[in-house]
Amino acid sequence: MDASLYIKAFNLIKNSKNILVTTHEQPDGDALSSVCLMAEILSQAGKKYRLYCYSEVNQQYGFLPHLEEFKNNYDNFDFDLIIVLDCGTVERTKLEKEILSRRPGQIVLEIDHHPKIKDYADLEIRDSAGAATTEILYYFLRTNKLRINKDMASCILTGILTDTGNFLYPSTSPETVNIASEMLVKGAKLPQIMENTWRNKSIASMKTWG
1 MDASLYIKAF
11 NLIKNSKNIL
21 VTTHEQPDGD
31 ALSSVCLMAE
41 ILSQAGKKYR
51 LYCYSEVNQQ
61 YGFLPHLEEF
71 KNNYDNFDFD
81 LIIVLDCGTV
91 ERTKLEKEIL
101 SRRPGQIVLE
111 IDHHPKIKDY
121 ADLEIRDSAG
131 AATTEILYYF
141 LRTNKLRINK
151 DMASCILTGI
161 LTDTGNFLYP
171 STSPETVNIA
181 SEMLVKGAKL
191 PQIMENTWRN
201 KSIASMKTWG
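The numbers in my numbering rise by one with no breaks, and the one at position 122 of the sequence shown is 122.
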């Protein structure tokens, strides 16, 4: 991945005053972790932001920082930067109309690890070889020399674990494992993550796995 893209993305964030962060409907662990990680980045930067998801978020992930900030509404679409995370198509944000008809000056930043369907972002950071979107955000943090605190580490590890099936899926690379190991050193709460994402499954989830 071209490191300059991460720098450009951070410059967009630094130059924005009102930011919307969103993901796909029916968000999974990587989607929620990515948005919560971005919220922590924006909070550290002192930015005004709003977290949006069309669907109600799963409180199973209540251990993630900023999860309680998610809304499924907004007063008006006057954001100068819209960050779309872990979303393969703009349609799945349920903000397709607002994003595609955005006014001049509104910028869309897309960060994702799914294969590209179609272009809609002003700046796209995509790595379909990445195991999770939080893995891509790890490189965003490292490239921009941003300190990874315990909350960020937990977000990154949660996204990786949930999107790799605890390292069982073929998308797991040696780099993925190395990043996960680094997050443990930085204070990611592995027992809490495992308890809430692996052991504490709903009946519907268990039927799906079955």
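Glycine included, every Cβ here is placed at the ideal spot set by N, Cα and C.
| query | result |
| --- | --- |
| Residues near Phe10 by beta carbon distance below 6 Å, same chain, minus five either side | Asn144 |
| Residues near Leu85 by beta carbon distance below 6 Å, same chain, minus five either side | Thr23, Ser34, Val35, Ile111, Thr133 |
| Distance CB(Leu146)-CB(Ile41) smaller than 9 Å | yes |
| Under the three-state DSSP convention, the category Asp112 falls into | strand |
| Beta-bridge partners of Glu124, as assigned by DSSP | Glu110 |
| Residue span of the alpha helix (DSSP H) that contains Tyr139, given as start and end | 133 to 143 |
| Residues bridged to Ile148 [DSSP beta-bridge criterion] | Ile148 pairs with nothing; no bridge assigned. |
| Nearest to Asp127 (by Cα), restricted to the options Tyr138, Pro115, Ala121, Tyr120 | Pro115 |
| Exposure label - Ile203; buried when at least 16 CB within 10 Å | Low confidence applies here, because Ile203 scores a pLDDT of 48, under 50, leaving its location unreliable and the question unanswered by this model. |
| Beta-bridge pairing of Val84 - partner residues as DSSP gives them | Thr22, Glu110 |
| Meets three-Cβ-pair contact criterion under 8 Å: the stretch 160 to 170 and the stretch 184 to 199 | yes |
| DSSP-derived helix/strand/coil call for Leu64 | coil |
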